Amino acid sequence: MAGEKIDIEAIKAMLNLTDEDLVKPLPIPTKWSQPFWDASKQHKLVLKKCSKCGFIDHPPYLYCTNCQEDEHEWVEASGRATLAAYAINTFGVPFPFWVDLPYVVAMIDLPEGPRMISNIVECDQEKLENGMELEVVFDDVNDDITLPKWRPVDESKRG
Amino acid sequence: MGAGDFAVIGTGEVPTGNYPDRSEFEIAYEVSRMAIRDAGIDKNEIGAVLTAGHIMSNPDNDYNTEMFFGRLPEAIGANGCKVVATTISGGASSFSIRKTAEGILESGETDTVLVVHAQRFSQFSANEQAKYFSIAGSDVEWEVPYGMTYNSLAAIVTQGYMAYMGATIEQVAAVCVACRKWAMLQPNAMYNNKEITVEKVVNARVVSWPLTTLMCNVLGDGGSAYIMTTAEKARKVCDKPVYVLGEASEYSHRTITRSKQKDPGKMGEDLAVTARLAYDRSNLGPEDMDIFEIYGSYPVISLIVMDALDIPDERTSGELVLAGETSPGGKYPVSTNGEALSFGHTGTGVGFSTFVESVRQLQGRAGAAQVEGAKFLVENCGGGAFMDCHFTLMGSEVPQ
Chain U
1 MAGEKIDIEA IKAMLNLTDE DLVKPLPIPT KWSQPFWDAS KQHKLVLKKC
51 SKCGFIDHPP YLYCTNCQED EHEWVEASGR ATLAAYAINT FGVPFPFWVD
101 LPYVVAMIDL PEGPRMISNI VECDQEKLEN GMELEVVFDD VNDDITLPKW
151 RPVDESKRG
Chain L
1 MGAGDFAVIG TGEVPTGNYP DRSEFEIAYE VSRMAIRDAG IDKNEIGAVL
51 TAGHIMSNPD NDYNTEMFFG RLPEAIGANG CKVVATTISG GASSFSIRKT
101 AEGILESGET DTVLVVHAQR FSQFSANEQA KYFSIAGSDV EWEVPYGMTY
151 NSLAAIVTQG YMAYMGATIE QVAAVCVACR KWAMLQPNAM YNNKEITVEK
201 VVNARVVSWP LTTLMCNVLG DGGSAYIMTT AEKARKVCDK PVYVLGEASE
251 YSHRTITRSK QKDPGKMGED LAVTARLAYD RSNLGPEDMD IFEIYGSYPV
301 ISLIVMDALD IPDERTSGEL VLAGETSPGG KYPVSTNGEA LSFGHTGTGV
351 GFSTFVESVR QLQGRAGAAQ VEGAKFLVEN CGGGAFMDCH FTLMGSEVPQ
């Protein structure tokens, strides 16, 4: 799965792409997810916890998906996770992501309960293993959005 | 509603592939007439016309709007039509639309329903198609910003399934090979003139590891239709009606991170509960099945659904496929039209082509792909980001 060198300028010219075609899609927060992204900007990983039943929803929704109550609090997560399963994108992704190839898209489990899709960064892709320990890192994409991502806790597995 | 209350008496289908000059309207009109003629009924007997919502509409002449505003009965001259409706639930549309048809038949308003699917992807550029499918399978807020795609979704499930089940990449590849072998026997399949091998599939260009290009389905234009009636009418007007014997369904999630089953190795176990319900409701078991008509879309899903269907063999699903047991001539024929992987992915239509192929098999009219003496089969579909799963038992007779 060795990465092929991508010449994005050549692809742009060949497919007649505009600069707009190369802009990465970013989250558009909803009324009920805004606190997650606000906290992320402060480099804090938070989760929506129901004040009535204690259920943690991620992705969050308008009200608790377990008991349908509104009252909730945003609790800070430990910032740790384990790798449940993953893929390494090497080709055929939307154009804005071509510059990142090859990159890891993973399903990760938080000890708090929820599961997330994210990128495993700063890693040796050959050393990824299901069940391995991960820690959160924050990618400040622009002034408004910071994406939480994950890297191996074990430094020998970092790339 | 009991087992065998409804039956299919005729089908129509056009070739799947790239046909930019063949509009979705043309497809819908053609397959409608084919199904009506195949059923041997008068067009004015049709009391309800149901169309599957299609995806990626052209805003200048939106097929979906035209269909739910009643274009089709007018265009085909279905003068006895009383009800029109459009039903869509992604890849599960073939199931939800059939339940709609059964409900209309049960109401007694009519005893004859026409069900139609049509899709034309080739009017859109590769970039437009890639954009749509990068978003369709994933959550725009929580997944798409990470470069998640439909292929990545299937790759993650494949990696998890292999790791937790001990399945090999060769077994995954063998699903694609088996689908191609079936498609080679199908005149309407998108890929029916070039055999592939396990070695070729494994060594093809990696798209989203562990998936290679040949493990990913390809979009194509296509469409099909069928006529559904009450069993009572079917027996009067048709020599070879195909009966719906029993069904069962389960919904899990929109986003894969919220799937009910967290362990990628146990998805088959969860679906097995639903499959067993469908078998029980039909008074049949896996040992009675002549064919397993699975809508996999990606090879790993085919393996998971095979696990769920409890094929009466000690070997694992992967071992069965690799041994050729699901290919033409094998003990357990699976996906006899080659499904999304080789028949072609027609959007909401893969389940329709699987269903129409099921009817042809049970009528003994599947041509070169005919499974000798096929009497009972289980048909399956599901949609979204593997959001749901439906099993339908079908037969050329109703078991007592």
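Note that the protein sequences, when read in sequence, are chains U and L. Sequence positions in the first sequence follow our numbering and run 1 to 159. Sequence positions in the second sequence follow our numbering and run 1 to 400. Yeah, the Cβ is synthetic: ideal placement off N, Cα and C, and Gly gets one too. All of these numbers come straight from a predicted model, not from anything done at the bench.
In chain order, Y243, K375 place their CB closer than 8 Å to the CB of E397/L, counting only its own chain and leaving out the 5 sequence neighbours on each side.
Chain-order list of chain L residues neighbouring Y103/U: Y146, G147, by C-beta distance under 9 Å.
Excluding the 5 residues flanking it on each side, G131/U has same chain C-beta neighbours closer than 7 Å at T82, L83, in chain order.
About 31 Å separates the Cβ atoms of N61/L and Q186/L, ruling out a contact at the 8 Å cut-off. Check the Cα spacing between S33/U and each of E126/U, P111/U, K48/U, H43/U: the tightest is with K48/U. Distance from R205/L to S342/L at the Cβ level is roughly 18 Å; contact not present, criterion being Cβ atoms closer than 8 Å.
Taking the C-beta atoms as reference points, A3/L is found nearer than 9 Å to P399/L.
As a beta-bridge residue in DSSP terms, M228/L pairs with V8/L, V113/L.
Taken in chain order, the complete beta strand (DSSP E) segments of 3 or more residues contained in the region 83–129 of chain U are 103–109, 115–120.
G137/L is the residue among G137/L, A126/L, N18/L whose C-alpha sits nearest the C-alpha of A385/L. Annotation: G265/L to A106/U spans about 16 Å, alpha carbon to alpha carbon. By the rule that beta-carbons nearer than 9 Å mark a contact, G160/L touches chain U. Counting C-beta pairs with one atom in each stretch, the region 310–321 of chain L and the region 220–231 of chain L have fewer than three that are closer than 8 Å, which means they do not touch. Residue contact with chain U for L284/L: absent (no Cβ-Cβ distance below 9 Å to any residue of chain U). When CB distances to chain L are screened at a threshold of 8 Å, the residues of the region 113–128 of chain U falling below it are P114, R115, M116, I117, S118, N119, in chain order. Here I291/L carries a strand assignment [DSSP, helix/strand/coil]. Only R205, V206, V207, S208, W209, P210, L211, T213 from the region 189–215 of chain L bring a Cβ to less than 9 Å from some Cβ of chain U. Ranked by how close their Cα comes to the Cα of C123/U, the residues G113/U, Y103/U, I117/U have Y103/U in first place.
Residue-level contact check: I304/L does not touch chain U, since none of the beta carbons of chain U fall below 9 Å from its beta carbon. At a cut-off of 9 Å between beta carbons, D109/U contacts chain L. Three or more beta-carbon pairs drawn from the region 287–299 of chain L and the region 349–358 of chain L are found closer than 8 Å, and the two stretches are therefore classed as touching. Residue pairing by DSSP places V46/U opposite E76/U in a beta bridge. Under a criterion of Cβ atoms nearer than 7 Å, no residue of chain L is adjacent to G159/U; the nearest Cβ is some 15 Å distant.
Check the Cα spacing between T87/L and each of G344/L, S249/L, H54/L: the tightest is with H54/L. Fewer than three pairs of CB atoms, one per stretch, sit closer than 8 Å, so the region 138–145 of chain U makes no contact with the region 267–286 of chain L. Here E71/U has C50, S51, K52 as same chain residues with Cβ atoms under 8 Å from its own Cβ, once five neighbours each way along the sequence are excluded. Here A85/U really is in contact with A163/L; their C-beta atoms are around 7 Å apart, less than 8 Å. Between E247/L and F352/L, the CB-CB gap reaches or exceeds 9 Å. Of the candidates V371/L, T354/L, G347/L, V371/L places its Cα closest to the Cα of E325/L. Listed along the chain, the chain L residues whose CB falls inside 7 Å of the CB of F91/U are R205, V206, V207.
At a C-beta separation below 8 Å, L26/U has these neighbours in chain L: P145. The beta carbon of V75/U sits closer than 7 Å to those of V46, L47, K49, all from its chain and outside the five residues before and after it, given in chain order. Not one beta carbon of chain L lies nearer than 9 Å to the beta carbon of P35/U. Residue-level contact check: E141/L touches chain U, since one or more beta carbons of chain U fall below 9 Å from its beta carbon. For T213/L, the closest C-alpha among the options Y161/L, S93/L, Y150/L, F121/L is that of Y150/L. Restricting attention to G79/U, P152/U, I88/U, D140/U, the CA atom closest to the CA of D38/U is found in D140/U.
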